[in-house]
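No gaps in the numbering here: position 83 of the sequence shown is 83 in the UniProt record's numbering, and each next residue is one more. Even glycine gets a Cβ: it sits at the ideal position worked out from N, Cα and C. Values in this document were obtained by computation on a predicted structure and should not be read as measured data.
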Amino acid sequence: MLQDVSPKVLHGVFDCFRGILYEGRIDKRVQFMIEKLFAIRKARFQGYPAVRPELDLVEEEDVLTHEVSLDEEIDPEFSLDVFKLDPHFAMNEKLYEGMKKDLLGDDEESEEDQESGSDVESDEDNEAMQIKDQTNTNVINLRRTIYLTIMSCLDFEEAGHKLLKIHLEQGQEMELCNMLLECCSQEKTYREYYGLLGQRLCMINKVYQENFEKCFAQQFAMVHTLETSKLRNVAEFFAHLLSKFALPWNVLSYIRLSEEDTTSSSRIFIKILFQELSKHLGLQ
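Encoded structure:
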């Protein structure tokens, strides 16, 4: 909407954002958000309509656009602040109800339609729920999509952009984190590509940061089941996130250094983790 009504103002706003990026005195998360905003603008705001379809209730020929300038004097119309009794209140209410029905439809008819279709919808929902419970097809397809995206991208920036475009239901972010860790652990040697990708996800959305915290606890609890190469890759992955402050340091509270609480595998994991942290932080 602003691009059509006042493109110069929009251009000025983005010039300010560009200046903020050039200064470089901002948090990584803010930097990624501004870069994403520029990408959306480059795509001419596709997928971001000025008015949502469910709110677009007025026909195009009936639309009246009121333009307000900050430089002009605006009449506040203080007389409207005083309540005045409408002598034709009942008649105006009937007119309003008629206009509301024309725009929104008859509530009674919609309720009857909902009731008549509720049985069919409930049957379809139950059938869909049974299919989902029995086969988990949606999760399998999602994991396949995430895996192919991670493995096919040339760099972490491309992978991060494509992964964030995948539609995830609430709670499915954990699937992405687990798949990223699984891909990382399957490599013969650790690739920084995975650490940078995990860092990008954590910086953009705190949901991924929280899920990677859970992944750290899960991986440390089952570290005795990992082969040495997988163990090393996972340790280096989390060392990268910690050294870049993509993960909070309180995740180390999951580690308890005692003979009863550690195994030979977990001690190797801790050793590699702190060696890599020393390497990364020592360079800084």
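Nearest-angstrom Cα separation, counted from His-240 out to Glu-276: Taking the first residue of the sequence shown as position 1, residue 276 is located at position 276. Taking the first residue of the sequence shown as position 1, residue 240 is located at position 240. About 8 Å.
Sub-9 Å separation of Leu-242 and Leu-252 beta-carbons: The sequence position of residue 242 within the sequence shown is 242, counting from 1. The sequence position of residue 252 within the sequence shown is 252, counting from 1. Closer than 9 Å, so yes.
Spatially closest choice to Ile-26 from Gly-195, Gln-3, Pro-53 and Met-203, by CA coordinates: Against the sequence shown, residue 26 aligns to sequence position 26. Out of Gly-195, Gln-3, Pro-53 and Met-203, Met-203 has the C-alpha closest to the C-alpha of Ile-26.
Coil, strand or helix - Asn-233 by DSSP: Taking the first residue of the sequence shown as position 1, residue 233 is located at position 233. Helix.
For Ala-50, the three-state DSSP class (helix, strand or coil): Taking the first residue of the sequence shown as 1, we reach residue 50 at position 50. It is coil, neither helix nor strand.
Rounded Cβ spacing between Tyr-194 and Cys-183 (contact assumed at less than 8 Å): Here residue 194 refers to the residue found at position 194 when the sequence shown is read from its first residue. Here residue 183 refers to the residue found at position 183 when the sequence shown is read from its first residue. Between Cys-183 and Tyr-194 the Cβ distance is about 7 Å, and since that is below 8 Å, they are a contact.
The stretch 158 to 169 touching the stretch 199 to 214, judged by at least three CB pairs closer than 8 Å: yes
Residue interval of the alpha helix (DSSP H) (run including Lys-165): Here residue 165 refers to the residue found at position 165 when the sequence shown is read from its first residue. Where Lys-165 is concerned, the enclosing alpha helix (DSSP H) stretches over 156 to 165.
First and last residue of the uninterrupted alpha helix (DSSP H) at His-11: The residue given as residue 11 occupies position 11 in the sequence shown. From DSSP, the alpha helix (DSSP H) with His-11 extends over 7 to 23.
Lys-279 - DSSP class collapsed to helix/strand/coil: Translated into the one-based positions of the sequence shown, residue 279 becomes position 279. Correct three-state label for Lys-279: helix.
Pairwise C-alpha distance: Ala-217 and Ala-246: Walking along the sequence shown from the start, residue 246 turns up at place 246. Walking along the sequence shown from the start, residue 217 turns up at place 217. Each residue's Cα considered, the two are about 16 Å apart.
Nearest-angstrom Cβ-Cβ length linking Leu-142 and Leu-103, presumed shorter than 8 Å: Along the sequence shown, one-based indexing puts residue 142 at 142. Along the sequence shown, one-based indexing puts residue 103 at 103. Contact doesn't hold; Cβ gap of about 39 Å is too wide.
Residue closest to Asn-250, alpha-carbon to alpha-carbon, out of Ala-39, Leu-197, Lys-100 and Phe-212: The residue labelled residue 250 in the question sits at position 250 within the sequence shown. The shortest C-alpha separation from Asn-250 is found at Phe-212.
Residue environment, Ala-39, which counts as buried when at least 16 other CB atoms sit within 10 Å: Translated into positions along the sequence shown, residue 39 becomes position 39. Exposed, since its Cβ has fewer than 16 Cβ neighbours within 10 Å.
C-beta atoms of Glu-192 and Ile-146 nearer than 9 Å: Looking up residue 192 in the sequence shown gives position 192. Looking up residue 146 in the sequence shown gives position 146. No, these two residues do not count as a Cβ contact at 9 Å.
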